[in-house]
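Asks:
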Amino acid sequence: MQPGVVVVGGGHNGLVAAAYLAGAGLAVQLFERRPFVGGAATTQELWPGFKFMPCAHMVHAIHPRIIRELGLRERGVEFIDRPNGFRFWDDGTYIAPAFVDSPRNRAHRWSAGERAAIRRFEDFARTLRHVFAPFRLQEPPSLEQVRADVAGTPAEAALELALTTRLKTLFDQWLPTPAVRDRYAVLLAGDGGNPLALALAYASINAPDDETGEAPPNGYVRGGLGAFSNAIAEVARERGATIHTGRAVEQLLVEQARVIGVRLEGGEEVRADIVLSNLDPKRTFLRLVPAGQLDAGFRRRVAALPTGESCVKLLAVVAELPRWKDWDGDPELPSRGAVALQESEAHLAAIWVDIDARRPPHAPIINVAVPSTLDPSLTQPGYHTVSCYIYPAPSHLRDQRWEEAREPMAQRLIDQITAYAPNFRQSIRHYRLRTPTDLEGEEGLTDGCITHVAHSGDHLFWNRPLPELAHYRTPLGGLYLCGAGQHPGGEVSGQPGHNAAQAVLRDLERAH
Ligand SMILES: Cc1cc2nc3c(=O)[nH]c(=O)nc-3n(C[C@H](O)[C@H](O)[C@H](O)COP(=O)(O)OP(=O)(O)OC[C@H]3O[C@@H](n4cnc5c(N)ncnc54)[C@H](O)[C@@H]3O)c2cc1C
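Shown next as structure tokens:
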């Protein structure tokens, strides 16, 4: 008889793992606590006729091989390209991907020294991406393996620098002017505002397929990310998996350091030879595993994983597109891409003061996207759906609850966007601000951490989320992790789910 598998959680990674394992002939049951699958990759109709993605709204990291192997395009999943980012600053300047021959475009103002600095920084980041890209659909490499791979090549020095240098130091050494530092300021959005430079290697998750050269889709999914998650669920079901929604797992059943199944809320027990958890590591080990089944030191290490940075999302129905006052190209173009506001070194420094004080960031980075410009199925004629992503924000506040901060923060954000697009406030017909508390309560993300564990430079690859968990296996026999807390990381990528399924299949093969 084929081994029985339970997947806990129907986020897109749990679904990908279920689809691969069912495809290999295993008897898979998946339990999702909400009435629908998708986790942080869903579409929801927040107001009649207006569909939103309450969490992730764009894709850039779904590996083309996963799309092919699951037959997602054949199943009707349609990816829509989106122009890359626009950045507007409050001095009336911008950087835009499309060529606009305007003195406002900072790209036309760079001095020779600034251009050289940008080239050097980009070369460094590209080198790191190339070093790590081949490991995406595999168990992560060891540091020794990567060092051996790059020994004697130009990448050797880049790797050592990335392992030993914080980004702010690199900024100070390499980026000569405030304008160039603003260009890269967003890189200081994670990890206490000063990640290890190795964090740049995380972008290898977006690299083209090594075999075919095909790049991952970069943009939206028609119908929103719910269409993507639902299609994977369909594949898993067709391959024989059973997907139960509205069934929360309360506890993992453990006997002699081995997981033997799960107990659902309500008390029903389901036996399994193998259990995969799509939940973040804190939720898996500190909530689902009975206390006493894990070494106290291990539990402390899990409890200390970085999850304290979250985000807020402002979702709105508008009657007209934002008119960006300093943009002098095609007026609709920025809304077809995504517009970043307040992305400067000074703002980042102030944001981190707010986060350290655990208060809502006063002038955060705001990323404004309008998915309905490229996907009219999300809206009604004459209206657009605006999806603003505001990262980072503190998970928990010191002097108030997020519930109390919700409306003042929404109003402040609307004012800040209106300062760049004067028609924005009056164009709003409906709006909702989602807070870290919502992400924790509704999506089940510990501390509202959007990638399950921060993508800090020191929790990637061989150390994601910890060295003893980096290979999808855990200290408990039969228990695997398949969510965003695993290599190569968060985002809508399907890669941790794919890799965890391969680890299970490899272990089964070895055992027989
Ligand atoms: C606000 C926000 C914006 C984001 N924006 C983007 C973006 O634009 N692009 C991008 O690529 N990424 C984005 N991300 C990141 C990305 O969405 C996530 O990293 C990714 O979706 C995580 O997928 P997952 O399957 O690993 O886990 P999850 O999606 O977290 O799925 C875990 C599942 O487990 C379920 N669950 C929890 N507890 C139990 C239980 N006890 N029993 C049963 N089921 C349980 C949950 O309900 C959930 O369905 C964003 C995330 C957030 C929160």
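Note that our numbering has the sequence shown beginning at 1459, numbered continuously upward.
Think of the CB as a built atom: it goes at the ideal place given N, C-alpha and C, for glycine as much as any other residue.
As the structure is a computational prediction, the values presented were derived from the model and not from experiment.
1) Is T1909 near ligand 1, judged by its Cβ being under 6 Å from some heavy atom?
2) Suppose the cutoff is 6 Å on Cβ atoms and the five residues either side in sequence are ignored; what does the same chain contact list for V1844 look like?
3) Could you check which residue in D1607, T1932 and K1509 has the C-alpha nearest to that of R1757?
4) What residues are listed by DSSP as bridge partners for C1846?
5) Which ranges would you report for the beta strand (DSSP E) in the segment 1729 to 1776 if only whole runs of at least 3 residues count?
6) Put N1471 into one of helix, strand or coil per three-state DSSP.
7) Report back the beta-carbon spacing between T1930 and Q1953 to the nearest angstrom; my notes put them in contact at under 8 Å.
8) Mind checking D1630: buried by the 16 CB within 10 Å criterion, or exposed?
9) Tell me, to the nearest whole angstrom, how far the beta carbon of E1778 is from that of N1652; I am working on the premise that it is less than 8 Å.
10) Should L1799 be listed as close to ligand 1, given that the test is whether its C-beta is under 6 Å from any heavy atom?
11) What residue from R1639, H1842 and R1890 has the CA that sits closest to R1864's CA?
12) Could you check where the beta strand (DSSP E) with V1962 kicks off and where it finishes?
13) Between V1463 and L1473, is the Cβ-Cβ spacing less than 7 Å?
14) Classify T1501 as buried or exposed, calling it buried when 16 or more other Cβ atoms lie within 10 Å of its own Cβ.
15) Leaving out five residues on either side along the sequence, give the residues of the same chain with a beta carbon under 7 Å from the beta carbon of H1913.
16) Mapping DSSP to helix, strand and coil, what is N1688?
17) Considering only heavy atoms of ligand 1, does any lie closer than 6 Å to the CB of E1692?
18) Here's the rule I'm using: 16 or more other beta-carbon atoms within 10 Å means buried, otherwise exposed. How should V1760 be labelled?
19) If we count Cβ pairs, one from each stretch, closer than 8 Å, do we get three or more for the segment 1913 to 1927 versus the segment 1593 to 1610?
20) Given this structure, state the Cα-to-Cα distance separating E1900 from T1909, to the nearest angstrom.
21) Measure the alpha-carbon distance for V1770 versus Y1642 and round it to whole angstroms.
Replies: Straight from the coordinates:
1) yes
2) Cβ neighbours of V1844 beyond the five flanking positions: A1774, V1776 and V1828.
3) T1932
4) L1772 and V1826
5) 1732 to 1735 and 1767 to 1776
6) helix
7) Note that residue 1930 corresponds to Tyr in the displayed sequence, not to Thr. About 11 Å; that fails the 8 Å criterion.
8) exposed
9) With 8 Å as the limit, E1778 and N1652 do not qualify as a contact, their Cβ atoms being about 40 Å apart.
10) no
11) Looking at the Cα atoms, R1890 is the closest of the given residues.
12) Run containing V1962: none in the beta strand (DSSP E); it sits in the alpha helix (DSSP H), Q1953 to A1969.
13) No, these two residues do not count as a Cβ contact at 7 Å.
14) buried
15) G1648, A1657, Y1660, G1947 and G1948
16) helix
17) no
18) V1760 comes out buried.
19) yes
20) Cα to Cα, the separation comes out at about 15 Å.
21) 22 Å
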